[in-house]
Structures are given as structure tokens and as C-alpha cells.
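Asker: To start, I am sharing the structure in question, which I have written as C-alpha cells.
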Amino acid sequence: MDPFTTHTGTALPLRRSNVDTDQIIPAVYLKRVTRSGFEDGLFAAWRKDPDFVLNKSEHAGADVLVAGPDFGTGSSREHAVWALQNYGFKVVIGSRFGDIFRSNSGKSGLLIAVVDQADVERLWDLVEADPATPVTIDLGARTVSAGGSTFDFQIDDYTRWRLMEGLDDIALTLRHADAIDEFETRRASFLPQTLPARTAG
Amino acid sequence: MGRTLSEKVWDNHVVRHAEGEPDLLYIDLHLVHEVTSPQAFDGLRQAGRRVRRPDLTLATEDHNTPTLDIDRPIADPVSRTQVETLRRNAEEFGIRIHSLGDKDQGVVHIIGPQLGVTQPGMTVVCGDSHTSTHGAFGAIAFGIGTSEVEHVLATQTLPQARPRTMAVNVSGRLPEGVTAKDLVLALIAKVGTGGGQGHIVEYRGEAIEALSMEGRMTICNMSIEWGAKAGMIAPDQTTFDYLKGRPHAPQGADWDAAVAYWSTLRTDDDATFDVEVDLDASSLTPFVTWGTNPGQGVPLGASVPDPDQFDDEVDRSAAERALQYMGLDAGTPMREIAVDTVFLGSCTNGRIEDLRLAASVIQGRKVAEGVRMLVVPGSARVRLQAEVEGLDKVFTEAGAEWRAAGCSMCLGMNPDQLAPGERAASTSNRNFEGRQGKGGRTHLVSPAVAAATAVVGTLSAPSDL
Ligand code: SF4
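Protein sequences, first through last, are from chains A and B. Start counting the first sequence at 1; every next residue gets the next number (our numbering). Start counting the second sequence at 202; every next residue gets the next number (our numbering).
Encoded structure:
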């Protein structure tokens with residue numbers, strides 16, 4: 001994971017509430033065996049509609065998603081996070097999120113910025129009026145800035161620290177590689193190993 | 202103060218403990234299958250990481266694999282790709298794999314114990330919720346998500362918050378004809394599908410001690426169905442006897458050292474659990490489900506309940522929805538419910554004792570007209586053993602289908618599925634809507650009830666024959 005300190009990009013206004021993980025990526029797209037390539041399933045049911053905001057040329061290249069309340073509710077599929085990241089999104093701003101989606105995002109390095117719904121509305125208005133409006137997310141200061149105003153967002157301390165350090169869970173654990181090495185010297189000799197294979201013949 | 206079994210095993214695996222952070226737990230065995238692992242391996246590749254301990258990792262193919270024509274390429278291209286991807290990943294990362302056609306292939310939770318790689322006092326994980334099965338040996342065993350699969354592959358550890366402890370005390374003896382499956386279904390009906398949330402459960406008491414290892418696995422398998430993080434049973438002579446001589450069981454001086462250690466894995470007399478639940482085994486009868494979650498069950502001799510009899514509003518509306526989905530009327534005696542299909546198999550009841558029990562019921566009888574019975578051994582070895590004992594003949598002569606090993610109709614990812622509206626008596630563990638095929642209806646039953654039901658055509662016990 002790359003360390004996340006600040007990010008400036010353009011924003012996609014998704015004026016919908018209760019976008020559950022089935023809408024973010026339908027089950028039919030989950031059969032892939034890689035962690036990449038899920039962008040084709042992102043919001044699949046709506047992509048056919050040329051008026052869907054993701055299809056609008058003025059929003060091409062947007063990498064900050066400004067979502068409605070209760071984004072990412074539903075199933076635990078990590079594919080929902082992967083689909084957003086594979087498409088190019090770095091940050092999702094919204095007022096309420098599904099719990100599991102939020103925790104999966106933290107694991108994968110997608111920043112979830114929780115703001116007041118009034119600020120969401122303000123951002124929607126701003127970027128609809130001018131899609132080129134730069135939006136800056138400062139994780140250190142926990143602020144979102146756009147169109148001359150700045151407001152706070154919420155994120156828990158532990159996730160914020162991990163994202164700023166650019167540490168996924170694995171990298172974090174590997175900081176304690178010495179402790180793992182040391183633990184392994186203490187494991188009992190009778191514990192089983194799968195290699196070399198022994199079989200009943 | 203004394204410690205419980207789970208606390209002893211947990212403490213033995215803490216690599217690092219820091220205030221305000223989850224414990225970092227060492228993982229002794231990581232089981233891998235084709236469905237939840239591809240993204241984890243892909244993640245390793247992208248980060249340039251290796252599998253830290255291929256020698257503590259074991260892969261097999263089970264969820265997606267066909268149970269017919271297993272010597273031919275898998276017909277469904279999507280399933281085939283997933284299986285082939287696992288094979289490539291196992292090769293690239295140096296992991297042992299038991300592929301379709303191999304004698305040690307089978308449902309991941311059946312082959313671990315069978316090979317003897319599941320042992321008392323271990324930590325066992327797998328990207329599959331029924332990993333709780335392995336707790337029958339006195340191991341802490343639980344299911345994990347794909348990110349966690351990658352984490353274990355890379356580090357052989359997992360950060361985990363310490364769960365609370367619970368005891369299920371089962372007194373008395375199971376009456377003749379009542380099995381471990383009936384016991385656990387009755388337990389879930391009593392405590393509800395969320396009853397174990399956040400807890401590692403220890404099953405104990407006379408009825409548990411009297412169970413075979415296979416019966417114990419059936420109980421621990423279904424721990425997840427009532428929300429428990431894991432289920433465990435203290436190892437004893439039954440456990441040691443089961444393990445002795447298994448391919449990966451310790452040998453010689455290691456065996457003695459292991460048994461000495463395993464014998465310490467008991468809850469101390471002065472230890473306390475956060476929660477205790479009591480159940481009397483001697484009053485149990487065969488148990489079956491009527492609804493769409495494993496907690497919606499009743500004794501076979503009872504009737505489909507009336508949703509109005511539930512005091513709780515959530516339970517009542519869940520019951521109403523379930524009856525509608527299941528196409529059942531309140532008050533119908535369970536014994537009058539006719540099935541189209543009987544599925545004998547899965548990691549809950551796909552072991553040799555399950556097949557022996559069902560075969561003893563069906564021997565010399567015929568599967569009822571219009572009923573299809575699928576017998577799917579949990580592993581290739583279970584299948585071979587059954588064939589040595591002639592059980593395959595008993596089943597096929599009765600008119601049942603004898604299949605190759607795998608998850609099969611437990612989740613219907615392969616072609617073994619219920620058609621919409623079809624009704625099954627199934628020895629598996631989940632009766633969720635659509636679990637065994639879109640629109641399919643599932644009644645969870647024991648192997649004995651499954652066999653009797655196949656003969657009669659309606660939900661039945663061997664005593665009805
Ligand atoms: S048999 Fe069923 S419950 Fe067991 S691992 Fe396979 S799909 Fe899961």
C-alpha cells in the first residue's frame with residue numbers, strides 16, 4: 001500500500017442513497033480469480049444508462065467518489081472495494097457507510113472519509129456546477145477542501161495511522177517478523193508439517 | 202485462577218500482545234481451497250511476497266469440483282479456471298495440493314483430520330466458515346476472509362481480538378437412534394443462530410465424551426451456524442486413538458511427548474466461562490429443520506410451527522417468510538412432508554460412519570419412487586473405504602446415486618443442484634434460501650433420517666420403517 005497523506009483530484013457526484021454492495025458489484029462478477037479487473041463490474045446495472053454519472057465525459061478521470069448515505073451496505077464481499085479501486089477511485093466521501101465495507105476498505109487502502117450530509121450536498125452542488133473543481137483530502141489534518149471552503153472528516157485513529165504509514169495489515173505484522181521468528185523457535189517438535197507429504201498409500 | 206481449554210490454546214499461540222491492539226496469533230495449519238484463495242495469491246504476487254510456511258499449508262479442490270466424470274476436464278469453464286488457478290498457485294508457491302482424482306482429495310475439513318494434520322492444541326484456519334470442524338480435536342479453528350488468507354500465507358499469523366468463552370454442558374446419554382447431528386440441531390434451535398456470537402465454545406459433558414471423533418466433528422462443524430467464532434472439545438483417549446497411526450500423527454518419542462501435552466488440554470476445575478448453556482441429551486429425539494436457517498428446527502415428531510406462537514416480532518416475521526419460501530403450512534406434521542431429493546454428504550455428515558449408518562438403514566430396501574438420492578462421500582478416501590466395505594453396492598442397489606467426493610449439493614456450486622421449488626432432506630449444514638440451488642428447499646437432517654426419508658419419501662426416522 002502507498003502511504004496516503006493528501007490527495008487532490010476531481011470528484012464524481014453519486015446522488016443515490018443505500019447503494020449496497022450488490023449494486024457496487026453484482027455477484028455474477030465475483031467469479032474472477034484475480035484481485036484486479038473488477039472495474040468492469042462496478043455499478044454494472046447502471047453502466048448501460050448513458051446518463052449515469054460515471055458515463056459522463058465531464059467526469060472522466062474523477063478519482064474521488066462523493067456518495068450518498070448508507071453506501072456499501074450488504075454483503076461482506078471484498079470485491080466491492082476492489083472494484084472501486086480497480087476503476088481508479090482513491091477516496092470515498094459520504095455521511096454513512098456499511099460497517100463491513102468500511103473495514104474492508106481500510107484493509108485494502110481505500111480511504112473512507114465520513115462527513116456531515118450537508119457537506120456531501122455542498123460537494124455535489126460544487127462539482128456538478130464545475131466538474132473540474134479540484135477536491136483535496138488531507139488525511140493528516142482530517143479535512144476536505146474544495147471551492148474555497150474546508151471542512152473536517154472523521155476516521156478512526158488506528159486506520160488513519162495505518163493509511164498514513166502506507167501499511168496494509170501484512171506490512172504491519174511484518175514489522176514484528178522478529179517476534180514471529182522467535183516464536184517459531186519455540187514451537188513443539190511434534191507439531192505436524194504438511195511437507196513432505198505423508199499418505200496412507 | 203484456572204484457565205479454560207480455549208484460553209490455554211490461545212495463550213500458547215500469542216506471538217505478540219500489546220495493550221489496545223489485537224493479539225498476534227501464530228497459525229499452525231492453513232487449509233486452502235479454490236474459491237477463496239485466488240485473490241490472496243494474486244495479492245502476494247503483486248507485493249512480491251512468498252508463502253512463509255508452505256510446510257504448514259495444505260490445499261485441496263472441493264467446492265467447485267464435479268462428482269461425475271472426474272477424469273475428464275471440468276465442463277464449466279468458470280469452475281475449471283478456479284481449479285486450474287489453484288493448481289498453478291500451489292505449484293508456484295510450493296504448496297502441497299490434493300487435486301481431483303488424488304486419493305487424498307476431498308472436502309477440506311474432512312481431509313485434515315483424515316491425514317492427521319489436525320491435532321489437539323493447534324490453531325487451524327481456512328477461508329471457509331466450517332473450519333470450526335477441526336475444533337473437535339481440541340484445536341482453535343475458525344474461518345477467515347480472503348484478505349486474512351493472504352495475511353496468513355504471508356506471515357503465518359493473524360491479528361485477532363480475544364473472544365469470550367462459553368461452555369455447552371451436555372448431560373446424559375443420547376438415546377438409541379439419536380445422533381450428533383440431532384444434538385447440534387436441537388442446540389441451535391434452543392440458543393438461536395446468533396447465540397454463540399463472539400465466543401469460542403467448548404462442548405463438554407457426558408454425551409460429548411461418549412461421541413466418536415466423527416460425531417464430535419459433526420457438532421463442532423455446526424458451531425458457526427449459531428454464530429460461534431469456534432467450537433472445541435477437549436482431547437481424550439478417543440482423540441488419541443483416532444490420531445494414532447494417521448499419516449501425519451507424531452511417531453515414537455514425539456507421540457509420547459504429544460500425548461503428554463495433549464493431556465493437559467482440559468479446562469481447569471476452577472476456571473470460569475463467560476457464559477454456560479446446559480442441554481440434556483437423554484431427552485432428545487431425531488431433529489429436523491422446517492425453515493430457512495439452522496435454528497428453525499423441531500423434533501421429527503412435531504409439526505410445522507405457527508408463526509404466531511413466536512413472541513418475538515423478528516422471529517415471527519422470519520418464520521412467516523420461511524414458511525412461504527419453504528411452501529409449508531403451519532400445523533403440518535413434519536413426517537408428512539414429501540421430498541424430491543435426499544443428499545447424503547458434506548463436511549457435516551460425509552464421513553465413513555455417516556455412510557455406514559445410512560447404509561445400515563437402507564440395506565435391502567429401495568429408494569421411494571420419484572425420490573432421487575445422492576450419496577457423496579466427503580473425501581476420496583471415504584469413498585474408497587466405503588467401497589471396500591461394499592456400502593456403494595448397498596446404496597446403488599437401493600437406487601441411490603454413488604458419486605465422487607466434494608462439497609457437491611451442500612452449496613450447489615457444481616452441477617449438483619436442486620431445481621426451483623424442489624425439496625431436499627440434506628445432511629449438510631445450511632438451509633438458507635437458494636443454498637442448494639436457486640429456489641431449492643432444504644430440510645437439515647441426520648444421516649439416519651436421510652436414509653429413512655429416502656425409503657419412505659416423506660421425512661422419516663429408521664423406526665418408521
Ligand atoms: S461441504 Fe459444504 S459446508 Fe462443508 S466446506 Fe463444502 S460447501 Fe462448505
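The beta carbon of each residue, even a glycine, is placed where N, CA and C say it ideally should be.
1. Report whether the distance from the Cβ of N630 (chain B) to the nearest heavy atom of the ligand SF4 is below 7 Å.
2. Residues of the segment 179 to 193 of chain A in Cβ contact with chain B at a cutoff of 9 Å, in chain order, please.
3. Please report the Cβ distance between D272 (chain B) and G302 (chain B), rounded to the nearest whole angstrom; I am assuming they are in contact, meaning their Cβ atoms lie under 8 Å.
4. Does S300 (chain B) have its Cβ less than 8 Å from a Cβ in chain A?
5. Compare the C-beta of L174 (chain A) with all C-beta atoms of chain B and state if any pair is closer than 8 Å.
6. Going along the chain, which residues of the segment 19 to 40 of chain A sit with their C-beta nearer than 9 Å to a C-beta in chain B?
7. Starting from H352 (chain B), follow the alpha helix (DSSP H) in both directions and report where the run begins and ends.
8. Would you verify that the beta carbon of L110 (chain A) is, or is not, closer than 8 Å to some beta carbon of chain B?
9. Indicate whether I409 (chain B) and A431 (chain B) have their beta-carbon atoms separated by less than 8 Å.
10. Using a Cβ-Cβ cut-off of 8 Å, state whether I170 (chain A) counts as contacting chain B.
11. Considering only the beta carbon of each residue, do E415 (chain B) and E521 (chain B) sit closer than 8 Å?
12. So, using beta-carbon positions, are L466 (chain B) and V505 (chain B) closer together than 8 Å?
13. With three or more beta-carbon pairs closer than 8 Å as the criterion, would you say the segment 17 to 25 of chain A touches the segment 183 to 191 of chain A?
14. Using only the heavy atoms of the ligand SF4, determine whether one of them is closer than 7 Å to the beta carbon of H299 (chain B).
15. Can L676 (chain B) and V233 (chain B) be called in contact, C-beta distance under 8 Å?
16. What did DSSP end up calling L287 (chain B) once you bin it into helix, strand or coil?
17. Can you tell me the Cβ-Cβ gap for Q361 (chain B) and L257 (chain B), rounded? I've got them flagged as a contact below 8 Å.
18. Taking the runs of the alpha helix (DSSP H) that are 4 residues or longer, which of them lie wholly in the segment 398 to 450 of chain B?
19. Please determine whether the Cβ atom of A385 (chain B) lies at a distance below 7 Å from any heavy atom of the ligand SF4.
20. Would K90 (chain A) pass as an interface residue toward chain B - the criterion being a Cβ-Cβ separation below 8 Å?
21. Measuring alpha carbon to alpha carbon, tell me which of A:G72, A:A44, A:D125 and A:A11 ends up nearest A251 (chain A).
22. What first and last residue would you give for the beta strand (DSSP E) that runs through A381 (chain B)?
23. Just to confirm the assignment: which complete beta strand (DSSP E) runs, minimum length 3, are found wholly within the segment 202 to 235 of chain B?
24. Going by C-alpha distance, which of B:V646, B:M574 and B:Q283 is nearest V543 (chain B)?
25. Leaving aside the five residues before and after T468 (chain B) along the sequence, list all residues of the same chain whose C-beta is less than 6 Å from its C-beta, in chain order.
26. Does the beta carbon of R198 (chain A) come closer than 8 Å to any beta carbon on chain B?
27. Going by beta carbon distance, what residues of the same chain come within less than 6 Å of E602 (chain B), once the five residues before and after it are set aside?
28. Measuring alpha carbon to alpha carbon, tell me which residue in B:S609, B:F294, B:S483 and B:V657 is nearest E262 (chain B).
29. For a contact meaning CB atoms closer than 8 Å, what does E165 (chain A) contact in chain B?
30. Could you tell me whether any non-hydrogen atom of the ligand SF4 is closer than 7 Å to the CB of H218 (chain B)?
31. For L556 (chain B), is the beta carbon positioned less than 7 Å from some heavy atom of the ligand SF4?
32. Applying the criterion that 16 or more other CB atoms from any shown protein chain within 10 Å of the CB defines a buried residue, is G641 (chain B) buried or exposed?
33. P448 (chain B) and G579 (chain B): beta carbons closer than 8 Å?
34. Measuring only the C-alpha atoms, how far is I228 (chain B) from L666 (chain B)?
35. Between D305 (chain B) and I311 (chain B), is the Cβ-Cβ spacing less than 8 Å?
36. What residues of chain B sit near L195 (chain A), judged by a beta carbon separation below 7 Å?
Answerer: Judging by the given coordinates:
1. Here residue 630 (chain B) refers to the residue found at position 429 of the second sequence. Yes, since a heavy atom of the ligand SF4 falls inside the 7 Å radius drawn around the Cβ of N630 (chain B).
2. A179, I180, E182, F183, E184, R187, A188, S189, F190, L191, P192 and Q193
3. For the purposes of this step, residue 272 (chain B) is taken as residue 71 along the second sequence, with counting starting at 1. For the purposes of this step, residue 302 (chain B) is taken as residue 101 along the second sequence, with counting starting at 1. The Cβ separation is near 6 Å, so the contact holds.
4. Residue mapping note: residue 300 (chain B) aligns to position 99 of the second sequence, counting from 1. No, because no Cβ of chain A sits closer than 8 Å to the Cβ of S300 (chain B).
5. As a working note, residue 174 (chain A) is residue 174 in the first sequence. For L174 (chain A), the answer is yes, since a Cβ of chain B falls inside 8 Å of its Cβ.
6. K31, R32, V33, T34, R35 and S36
7. Along the second sequence, read from residue 1 onward, the residue named residue 352 (chain B) stands at position 151. Looking at the DSSP string, the run of the alpha helix (DSSP H) that includes H352 (chain B) is T347 to T356.
8. Indexing the first sequence from 1 puts residue 110 (chain A) at position 110. It does not: the Cβ of L110 (chain A) has no partner Cβ on chain B nearer than 8 Å.
9. Against the second sequence, residue 409 (chain B) aligns to sequence position 208. Against the second sequence, residue 431 (chain B) aligns to sequence position 230. No.
10. To locate residue 170 (chain A), count along the first sequence from 1; it is residue 170. Judged by the 8 Å Cβ criterion, I170 (chain A) is in contact with chain B.
11. If you number the second sequence from 1, residue 415 (chain B) lands on position 214. If you number the second sequence from 1, residue 521 (chain B) lands on position 320. The answer is no: Cβ separation not under 8 Å.
12. Counted from its first residue, the second sequence places residue 466 (chain B) at position 265. Counted from its first residue, the second sequence places residue 505 (chain B) at position 304. The answer is no: Cβ separation not under 8 Å.
13. no
14. Walking along the second sequence from the start, residue 299 (chain B) turns up at place 98. It does not: the Cβ of H299 (chain B) is nowhere closer than 7 Å to a heavy atom of the ligand SF4.
15. In the structure displayed, chain B extends from 202 to 666; residue 676 (chain B) sits before or after that span and is not available.
16. Indexing the second sequence from 1 puts residue 287 (chain B) at position 86. DSSP places L287 (chain B) in helix when its eight states are reduced to three.
17. Position 160 of the second sequence, counted from the start, is the residue given in the question as residue 361 (chain B). Position 56 of the second sequence, counted from the start, is the residue given in the question as residue 257 (chain B). 17 Å between Cβ atoms; not a contact.
18. 407 to 410, 414 to 422 and 438 to 444
19. Taking the second sequence and counting its residues from 1, one reaches residue 385 (chain B) at position 184. In the sequence under discussion, the amino acid at residue 385 (chain B) is Val, which differs from the Ala named in the question. No, the beta carbon of V385 (chain B) sits no closer than 7 Å to any heavy atom of the ligand SF4.
20. Taking the first residue of the first sequence as position 1, residue 90 (chain A) is located at position 90. Chain B, which has no Cβ nearer than 8 Å to the Cβ of K90 (chain A), makes this no.
21. Residue 251 (chain A) is absent from the model: chain A starts at 1 and stops at 201.
22. In the second sequence, residue 381 (chain B) corresponds to position 180, counting from 1. Here A381 (chain B) belongs to no beta strand (DSSP E); instead the alpha helix (DSSP H) covers A381 to V392.
23. 215 to 217, 224 to 227 and 230 to 233
24. Counted from its first residue, the second sequence places residue 543 (chain B) at position 342. Considering only alpha carbons, the answer is B:M574.
25. Mapped onto the second sequence, residue 468 (chain B) falls at position 267. Counting only Cβ-Cβ distances below 6 Å, and skipping sequence neighbours, we find T205 and L206.
26. Looking up residue 198 (chain A) in the first sequence gives position 198. Yes, because at least one Cβ of chain B sits closer than 8 Å to the Cβ of R198 (chain A).
27. Taking the second sequence and counting its residues from 1, the one referred to as residue 602 (chain B) is at position 401. Excluding positions up to five away in sequence, the list reads L575.
28. In the second sequence, residue 262 (chain B) corresponds to position 61, counting from 1. E262 (chain B) has its Cα closest to that of B:S609, out of B:S609, B:F294, B:S483 and B:V657.
29. Translated into positions along the first sequence, residue 165 (chain A) becomes position 165. Near E165 (chain A) there are no residues of chain B at all, since even the closest Cβ is about 14 Å away, more than 8 Å.
30. Within the second sequence, residue 218 (chain B) is the residue found at index 17, counting from 1. Result no, Cβ not under 7 Å from the ligand SF4.
31. Against the second sequence, residue 556 (chain B) aligns to sequence position 355. L556 (chain B): no, Cβ never under 7 Å from the ligand SF4.
32. The count along the second sequence starts at 1 and reaches residue 641 (chain B) at position 440. Classification of G641 (chain B): buried, given that the 10 Å Cβ count is 16 or more.
33. Start at 1 with the first residue of the second sequence, and residue 448 (chain B) comes out as number 247. Start at 1 with the first residue of the second sequence, and residue 579 (chain B) comes out as number 378. Cβ distance not < 8 Å, so P448 (chain B) and G579 (chain B) don't count as in contact.
34. For the purposes of this step, residue 228 (chain B) is identified with residue 27 of the second sequence, where counting begins at 1. For the purposes of this step, residue 666 (chain B) is identified with residue 465 of the second sequence, where counting begins at 1. Taking the straight line joining both Cα atoms gives about 48 Å.
35. Position 104 of the second sequence, counted from the start, is the residue given in the question as residue 305 (chain B). Position 110 of the second sequence, counted from the start, is the residue given in the question as residue 311 (chain B). Taking 8 Å as the Cβ cut-off, D305 (chain B) and I311 (chain B) do not qualify as a contacting pair.
36. The residue you call residue 195 (chain A) lines up with position 195 of the first sequence. Under the 7 Å cutoff, chain B gives P255, D256 and R297.
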